[in-house]
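Enquirer: Each residue of the sequence shown is one higher than the one before, counting from 1 in the UniProt record's numbering. Glycine is no exception: its CB is placed at the ideal position from the N, C-alpha and C atoms. Remember, predicted model here, so these are calculated numbers, not experimental data.
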Amino acid sequence: MLDPRNDTAGGKPPAVRASGQGVFAHTPDWAGRSDPPAYHVHLWPNRSLGRRGRRGVMTLLGVGLLIPLIPSLGTPVFWGLLPFEAAAFFALWYSFRRNDADARLTEELALWPDEIRVERCEPSGQVLRWRADPYWVRITVHSDSRPEKYLTLKGGGREIELGAFLSPGEREALAEEIESAIRATLTRGAVPPDEPAGSQGTPQ
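Structural data, given as C-alpha coordinates:
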(Lines of atoms letter the chains of each structure in order from A and count residues from 1; the text may use other names and numbers.)
(Lines give C-alpha, C1' and ligand atoms only; values in the text may rest on other atoms or scores of the structure.)
Protein backbone atom coordinates (compact mmCIF):
# COMPACT_ATOMS: atom_id res chain seq x y z
CA MET A 1 0.00 0.00 0.00
CA LEU A 2 1.31 3.45 -0.87
CA ASP A 3 2.14 5.58 2.14
CA PRO A 4 2.43 9.29 1.27
CA ARG A 5 4.06 10.04 4.60
CA ASN A 6 7.31 8.27 3.80
CA ASP A 7 6.99 7.39 0.09
CA THR A 8 6.93 3.66 0.71
CA ALA A 9 4.81 0.90 -0.74
CA GLY A 10 4.20 -2.80 -0.43
CA GLY A 11 4.27 -3.77 3.22
CA LYS A 12 4.18 -2.51 6.76
CA PRO A 13 7.16 -0.17 7.34
CA PRO A 14 7.59 -0.99 11.08
CA ALA A 15 8.01 -4.69 10.28
CA VAL A 16 10.63 -3.94 7.64
CA ARG A 17 12.60 -1.63 9.93
CA ALA A 18 12.50 -4.12 12.77
CA SER A 19 13.93 -6.89 10.60
CA GLY A 20 16.92 -4.81 9.48
CA GLN A 21 16.36 -6.13 5.96
CA GLY A 22 14.67 -4.96 2.80
CA VAL A 23 14.49 -1.37 1.78
CA PHE A 24 16.60 0.03 4.63
CA ALA A 25 19.35 -2.59 4.27
CA HIS A 26 20.44 -1.41 0.83
CA THR A 27 21.44 2.06 -0.34
CA PRO A 28 20.73 2.68 -4.03
CA ASP A 29 23.74 3.53 -6.18
CA TRP A 30 22.64 6.77 -7.85
CA ALA A 31 26.05 7.08 -9.52
CA GLY A 32 26.86 10.48 -10.96
CA ARG A 33 24.05 12.25 -9.09
CA SER A 34 24.74 14.65 -6.25
CA ASP A 35 21.32 16.32 -6.38
CA PRO A 36 18.42 14.76 -4.47
CA PRO A 37 15.63 13.27 -6.60
CA ALA A 38 12.37 15.18 -7.01
CA TYR A 39 10.50 11.93 -6.30
CA HIS A 40 11.69 8.73 -4.65
CA VAL A 41 9.75 5.58 -3.79
CA HIS A 42 10.72 2.33 -2.04
CA LEU A 43 8.90 -0.92 -2.84
CA TRP A 44 9.05 -4.28 -1.11
CA PRO A 45 6.80 -7.37 -0.78
CA ASN A 46 4.03 -7.49 1.79
CA ARG A 47 4.80 -9.40 4.98
CA SER A 48 1.72 -10.42 6.94
CA LEU A 49 3.69 -11.74 9.94
CA GLY A 50 6.69 -10.33 11.76
CA ARG A 51 9.28 -12.44 13.56
CA ARG A 52 7.27 -12.47 16.78
CA GLY A 53 4.15 -13.57 14.92
CA ARG A 54 6.00 -16.39 13.18
CA ARG A 55 7.45 -17.61 16.47
CA GLY A 56 3.96 -17.61 17.93
CA VAL A 57 2.57 -19.64 15.04
CA MET A 58 5.41 -22.16 15.25
CA THR A 59 4.95 -22.51 19.01
CA LEU A 60 1.20 -23.08 18.70
CA LEU A 61 1.71 -25.60 15.92
CA GLY A 62 4.36 -27.45 17.91
CA VAL A 63 2.10 -27.68 20.97
CA GLY A 64 -0.83 -28.76 18.81
CA LEU A 65 1.22 -31.51 17.19
CA LEU A 66 2.47 -32.79 20.56
CA ILE A 67 -1.01 -33.24 22.03
CA PRO A 68 -1.87 -36.41 20.08
CA LEU A 69 1.68 -37.75 20.48
CA ILE A 70 1.90 -37.66 24.28
CA PRO A 71 -0.77 -40.33 24.98
CA SER A 72 0.82 -42.63 22.42
CA LEU A 73 4.38 -42.50 23.80
CA GLY A 74 6.01 -45.93 23.71
CA THR A 75 3.42 -47.39 21.34
CA PRO A 76 3.51 -48.15 17.61
CA VAL A 77 0.98 -45.34 17.10
CA PHE A 78 3.59 -42.82 18.24
CA TRP A 79 6.07 -43.89 15.56
CA GLY A 80 3.30 -43.91 12.98
CA LEU A 81 2.28 -40.33 13.74
CA LEU A 82 5.73 -38.84 14.30
CA PRO A 83 6.94 -38.66 10.66
CA PHE A 84 3.77 -36.92 9.47
CA GLU A 85 3.72 -34.39 12.29
CA ALA A 86 7.42 -33.66 11.92
CA ALA A 87 6.91 -33.16 8.18
CA ALA A 88 4.07 -30.68 8.83
CA PHE A 89 6.19 -28.73 11.33
CA PHE A 90 9.25 -28.46 9.09
CA ALA A 91 7.13 -27.64 6.02
CA LEU A 92 5.79 -24.57 7.82
CA TRP A 93 9.27 -23.67 9.06
CA TYR A 94 10.63 -23.91 5.51
CA SER A 95 7.83 -21.73 4.13
CA PHE A 96 8.67 -19.03 6.68
CA ARG A 97 12.35 -19.23 5.71
CA ARG A 98 11.47 -18.83 2.04
CA ASN A 99 9.22 -15.90 2.89
CA ASP A 100 12.11 -14.21 4.72
CA ALA A 101 14.36 -14.68 1.69
CA ASP A 102 11.75 -13.36 -0.76
CA ALA A 103 11.13 -10.34 1.48
CA ARG A 104 14.70 -9.17 0.82
CA LEU A 105 13.57 -8.20 -2.68
CA THR A 106 13.36 -4.41 -3.00
CA GLU A 107 12.82 -1.90 -5.77
CA GLU A 108 13.76 1.79 -5.70
CA LEU A 109 12.60 4.43 -8.16
CA ALA A 110 14.09 7.92 -8.28
CA LEU A 111 13.09 10.79 -10.54
CA TRP A 112 14.97 13.92 -11.60
CA PRO A 113 13.94 16.47 -14.26
CA ASP A 114 16.36 14.87 -16.74
CA GLU A 115 16.44 11.24 -15.62
CA ILE A 116 14.42 8.43 -14.07
CA ARG A 117 16.14 5.43 -12.50
CA VAL A 118 14.98 2.10 -11.12
CA GLU A 119 17.17 -0.18 -9.03
CA ARG A 120 16.02 -3.70 -8.16
CA CYS A 121 17.86 -5.69 -5.48
CA GLU A 122 17.14 -9.42 -5.78
CA PRO A 123 17.00 -11.73 -2.73
CA SER A 124 20.29 -13.22 -3.97
CA GLY A 125 21.95 -9.80 -3.73
CA GLN A 126 22.09 -9.21 -7.49
CA VAL A 127 21.31 -5.58 -8.38
CA LEU A 128 19.57 -4.67 -11.66
CA ARG A 129 19.46 -1.05 -12.85
CA TRP A 130 17.47 0.85 -15.47
CA ARG A 131 17.49 4.50 -16.47
CA ALA A 132 15.74 6.66 -19.06
CA ASP A 133 14.72 10.21 -19.89
CA PRO A 134 11.43 10.82 -18.04
CA TYR A 135 10.04 12.87 -20.93
CA TRP A 136 9.94 9.78 -23.15
CA VAL A 137 9.05 7.15 -20.54
CA ARG A 138 5.81 5.29 -21.17
CA ILE A 139 4.01 3.90 -18.11
CA THR A 140 1.53 1.12 -18.86
CA VAL A 141 -0.91 -0.73 -16.63
CA HIS A 142 -1.86 -3.83 -18.63
CA SER A 143 -5.55 -4.36 -17.85
CA ASP A 144 -5.82 -7.59 -19.87
CA SER A 145 -2.70 -9.22 -18.46
CA ARG A 146 -1.92 -11.93 -15.96
CA PRO A 147 -1.10 -10.95 -13.29
CA GLU A 148 -3.86 -8.37 -13.25
CA LYS A 149 -2.88 -4.69 -13.64
CA TYR A 150 0.69 -5.59 -14.62
CA LEU A 151 2.82 -2.43 -14.48
CA THR A 152 5.67 -1.70 -16.91
CA LEU A 153 7.92 1.28 -17.65
CA LYS A 154 9.34 1.68 -21.16
CA GLY A 155 12.19 3.97 -22.09
CA GLY A 156 15.88 4.04 -22.88
CA GLY A 157 15.39 1.18 -25.33
CA ARG A 158 14.10 -1.20 -22.64
CA GLU A 159 10.85 -2.16 -20.95
CA ILE A 160 10.87 -3.24 -17.31
CA GLU A 161 8.29 -4.43 -14.81
CA LEU A 162 7.73 -2.62 -11.55
CA GLY A 163 6.02 -3.73 -8.36
CA ALA A 164 5.13 -7.23 -9.58
CA PHE A 165 4.84 -8.30 -5.92
CA LEU A 166 2.24 -5.62 -5.13
CA SER A 167 -1.52 -6.10 -5.34
CA PRO A 168 -3.32 -4.98 -8.54
CA GLY A 169 -4.75 -1.96 -6.73
CA GLU A 170 -1.34 -0.98 -5.39
CA ARG A 171 0.23 -1.24 -8.86
CA GLU A 172 -2.50 0.94 -10.35
CA ALA A 173 -2.09 3.55 -7.60
CA LEU A 174 1.69 3.45 -8.02
CA ALA A 175 1.40 4.07 -11.77
CA GLU A 176 -0.82 7.10 -11.16
CA GLU A 177 1.60 8.44 -8.54
CA ILE A 178 4.63 8.06 -10.82
CA GLU A 179 2.80 9.70 -13.73
CA SER A 180 1.81 12.62 -11.50
CA ALA A 181 5.39 12.96 -10.24
CA ILE A 182 6.75 13.00 -13.80
CA ARG A 183 4.23 15.63 -14.89
CA ALA A 184 5.04 17.80 -11.88
CA THR A 185 8.78 17.43 -12.43
CA LEU A 186 8.63 18.21 -16.13
CA THR A 187 6.29 21.19 -15.73
CA ARG A 188 9.14 23.60 -15.24
CA GLY A 189 9.31 25.19 -18.67
CA ALA A 190 12.17 23.04 -19.93
CA VAL A 191 12.51 22.45 -23.67
CA PRO A 192 11.59 18.81 -24.50
CA PRO A 193 14.71 16.78 -25.30
CA ASP A 194 15.24 15.05 -28.62
CA GLU A 195 13.67 11.60 -28.73
CA PRO A 196 16.34 8.89 -28.29
CA ALA A 197 16.91 6.56 -31.22
CA GLY A 198 14.71 3.49 -31.00
CA SER A 199 12.48 4.97 -28.32
CA GLN A 200 8.74 4.45 -28.62
CA GLY A 201 7.75 6.36 -25.52
CA THR A 202 5.26 9.17 -25.44
CA PRO A 203 5.48 12.46 -23.56
CA GLN A 204 3.75 12.52 -20.19
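Quick one, which of Glu-108, Pro-83, Trp-130 and Ser-124 has its alpha-carbon nearest Leu-66's?
Expert: With distances taken between Cα atoms, Leu-66 lies closest to Pro-83.
Enquirer: Measure the C-alpha to C-alpha separation of Ile-116 and Lys-149 and round it to an integer number of angstroms.
Expert: 22 Å
Enquirer: Quick one: what does DSSP say Ser-118 is sitting in, helix, strand or coil?
Expert: Position check: residue 118 holds Val in this sequence, whereas Ser was assumed. Three-state result, Val-118: strand.
Enquirer: On the DSSP bridge assignment, give the partners of Trp-130 in chain order.
Expert: Val-118
Enquirer: With DSSP as the reference, please indicate the residues paired to Trp-112 in a beta bridge.
Expert: Glu-115
Enquirer: So which of Leu-186, Val-63 and Arg-98 has the shortest CA-CA distance to Glu-85?
Expert: Out of Leu-186, Val-63 and Arg-98, Val-63 has the C-alpha closest to the C-alpha of Glu-85.
Enquirer: Where Glu-170 and Leu-105 are concerned, what is the direct C-alpha to C-alpha distance, given to the nearest angstrom?
Expert: 17 Å
Enquirer: Mapping DSSP to helix, strand and coil, what is Glu-148?
Expert: coil
Enquirer: Considering Ile-139, what are the terminal residues of the alpha helix (DSSP H) in which it resides?
Expert: Segment 138-142 is the beta strand (DSSP E) holding Ile-139; no alpha helix (DSSP H) there.
Enquirer: Look at the alpha carbon of Thr-187 and the alpha carbon of Arg-33, and state the distance between them as a whole number of angstroms.
Expert: Distance between Thr-187 and Arg-33, taken at the CA atoms: about 21 Å.
Enquirer: Can you look up Leu-43 in the DSSP assignment and give me helix, strand or coil?
Expert: Here DSSP, grouped into helix, strand and coil, assigns Leu-43 to strand.
Enquirer: Using DSSP's beta-bridge definition, name the partner residues of Arg-158.
Expert: Gly-155
Enquirer: Distance, Cα to Cα, Gly-93 vs Ala-184?
Expert: First, the residue type needs correcting, since residue 93 is Trp and not Gly in the sequence shown. Distance between the alpha carbons of Trp-93 and Ala-184 is about 47 Å.
Enquirer: So Leu-61 and Phe-89 are in contact, right, with Cβ under 8 Å, and what is the actual spacing, rounded?
Expert: 6 Å
Enquirer: Can the beta-carbon of Ala-38 be found closer than 7 Å to that of Leu-111?
Expert: yes
Enquirer: Where does Thr-106 fall in DSSP's three states?
Expert: strand
Enquirer: Considering only their Cβ atoms, is the gap separating Gly-163 from Ala-132 smaller than 7 Å?
Expert: no
Enquirer: May I ask you to report which of helix, strand or coil DSSP gives Ile-178?
Expert: helix
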